[in-house]
Every structure is written in structure tokens, then in C-alpha cells.
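Everything below concerns the one structure shown next.
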Amino acid sequence: MSFSLELQKSANIFWEKEKSHEFILGIGSGNLDKSRFVYYLKQDYLFLIGYSRAISIGISKAPQISDMAFLSNLLNETLNTEMQLHVEYCSGFHIEKKDLENTSPSVTTVSYIDHMINSSNISFLHSLVSILPCAWSYGEIATYLNENIVTDHTNNPYIDWVNMYISDEFKSLSISIMQIIDKYAEKLNKSEKLELIETFLKSSDLEYQFWNAALYME
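Residue numbers (the working numbering): 274 to 491.
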């Protein structure tokens, strides 16, 4: 078993909980209260900023130029493409950019960002492992919703969100991150792998807590 698959297996408990999470199921059914989704979108904007800061630290830790190039491209895509798309998507829910910029981060958002930044300061692999749960779980969640929960692809107000994360382009991100992790994991000892698993599990837990915070708007 590759180390990236070992990471995923270690976090199965969070994945199973996410599949039955009220907020996530509400996206799939289209019945989620829009005020909760608006809250989520605002916090997600702040998350993307923190995510970008973590990536920038990861670049400085990268052992090879190819790794620096990969993360540099990811940083550029996040700042100049994904965040712009996020702003445009938010406008459909009557959220202006100034509303996003004036949003105060929730306790969970701060905790998640702090974890990614602190992990990125440890090492290149810790940086990758800390950001992987977001990329991986969003693709898994969207695919699960599309195949099992979504029944109305025309009138569901959140269908564009689902479609965005089932795209091959988005799925390729988590695959690329896992390939890099596996390349370097071959040289790690058991203790080093356990530390990375702990970092991955912490991010996975915070990913789940992020959904909780959105549901309860806290």
C-alpha cells in the first residue's frame, strides 16, 4: 500500500462522517438553508487565503525545483483563478467582495489555518500532508453527492458547487499531491510516517469541524 493510501485509510472515520453530515447532504439535496451556505462561502474565502500562505511556506521547504514549480503553480492557481472564481460564485448569492474581505474568521477557520501554517513550517512533506485533506475530500464529497444524493441537476441551487469539484482538473490536484508524497515517503522511517499521519488526521478533523462550523454558523 502506498503511503498516500495509508493516509487516506487512516482518515476513513472522518470520510464516513462527512458522507452523512447535514450540511453536505443539504448541498446534495439542494435543501440547505442559504444563510448557512453564505456563511460557509465567506469562511471558505478566508480559508483560501490561509491555504495560500501555507503553500507559500511549502515552496520554501521544497527539496527540488520541480516541487517548487508544482507548489508555485498551485499558489498561482489558488490566488489568481480559484479565488477569483470564488468571488464570482459568491456574487450569485449576493455576497460582494467587500463582504468577503470584511468577514471575521471563525474559531475553526483560525485553527485550520494555523495548523496548515505550523505544519508547513516543519517540512515540505508536512506542508503537503496538511493541505491534502481539503483537496482530496472535496473531490470525494462532490462525487458522492453527484452519484448518490443529487436528484435535480437543474434546480438545485448548489449544483455548480458540486460540478466544480467533480471536474477532472480538480481531482488531478489531489492525485499530484499524493504522487509527490509517495515519492519522498519511500525514504521515511516509521516514526516520521507516524508524524505525517498525525498531521493528516489533524487536518482531516479540522475539515470535518469546518463543515460543523458552517452548519451552526459559529
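Just so you know, even glycine gets a beta-carbon here, dropped at the ideal spot from N, CA and C. No experiment lies behind these values; they were computed from the predicted model shown.
Give the C-beta separation of residue i and residue j to the nearest angstrom, bearing in mind that I take them to be a contact with Cβ-Cβ under 8 Å.
| i | j | result |
| --- | --- | --- |
| serine 393 | glycine 331 | 5 Å |
| glycine 323 | isoleucine 395 | Actually they are not in contact, since the Cβ atoms of glycine 323 and isoleucine 395 sit about 16 Å apart, beyond 8 Å. |
| phenylalanine 296 | proline 336 | Not confirmed; about 38 Å, so no contact. |
| valine 435 | alanine 458 | Incorrect: roughly 32 Å between the Cβ atoms, too far for contact. |
Could you spell out where the alpha helix (DSSP H) holding residue i opens and where it closes?
| i | result |
| --- | --- |
| glutamate 361 | 356-364 |
| aspartate 425 | Unbroken run through aspartate 425: none, as it is neither H nor E. |
| glutamate 295 | 295-302 |
| asparagine 349 | 338-350 |
| methionine 389 | 380-395 |
| isoleucine 368 | Segment: none, isoleucine 368 is in no alpha helix (DSSP H) and carries neither H nor E. |
Quick one: residues in its chain with C-beta nearer than 7 Å to the C-beta of residue i, no 5 flanking neighbours on either side, listed in chain order?
| i | result |
| --- | --- |
| leucine 401 | Gly331, Ile450, Ile453 and Ile454 |
| asparagine 429 | Gly303 and Val423 |
Considering only the beta carbon of each residue, do residue i and residue j sit closer than 8 Å?
| i | j | result |
| --- | --- | --- |
| serine 325 | leucine 348 | yes |
| glutamate 465 | tryptophan 288 | no |
| lysine 231 | isoleucine 386 | This structure cannot settle anything about residue 231, because the visible part of the chain is limited to 274 through 491. |
| threonine 351 | leucine 373 | no |
| histidine 470 | serine 283 | As written in the sequence, residue 470 is isoleucine, which differs from the histidine given in the question. Yes, the pair counts as a contact, with Cβ atoms nearer than the cut-off. |
| phenylalanine 366 | valine 311 | yes |
| arginine 309 | leucine 488 | yes |
| alanine 486 | serine 379 | yes |
| serine 277 | histidine 388 | no |
Let me check understanding here. Comparing Cα to Cα, which of the options lies closest to residue i?
| i | options | result |
| --- | --- | --- |
| leucine 319 | Asn428, Thr381, Ser440 and Tyr438 | Thr381 |
| alanine 408 | Pro430, Arg309 and Tyr438 | Tyr438 |
| serine 445 | Ser339, Leu405 and Ser476 | Leu405 |
| glutamine 230 | Ala487, Asp317 and Lys460 | Absent from the model: residue 230. The displayed extent of the chain is 274 to 491, so no value can be given. |
| alanine 327 | Val383, Cys363 and Leu280 | Val383 |
| glycine 301 | Ser476, Leu418 and Ser447 | Leu418 |
Spatial neighbours of residue i within its chain, please: C-beta separation below 6 Å, excluding the five flanking residues on both sides.
| i | result |
| --- | --- |
| threonine 472 | Ser392, His399, Val402 and Ser403 |
| valine 360 | Lys370 |
| serine 410 | Glu480 |
| leucine 432 | Reading off the sequence, residue 432 comes out as isoleucine, not leucine. Within the same chain, isoleucine 432 has close Cβ partners His426. |
Go through its chain and collect everything with a Cβ distance to residue i's Cβ below 8 Å, but skip five positions before and after it.
| i | result |
| --- | --- |
| aspartate 306 | Gly299 |
| lysine 290 | Tyr481 |
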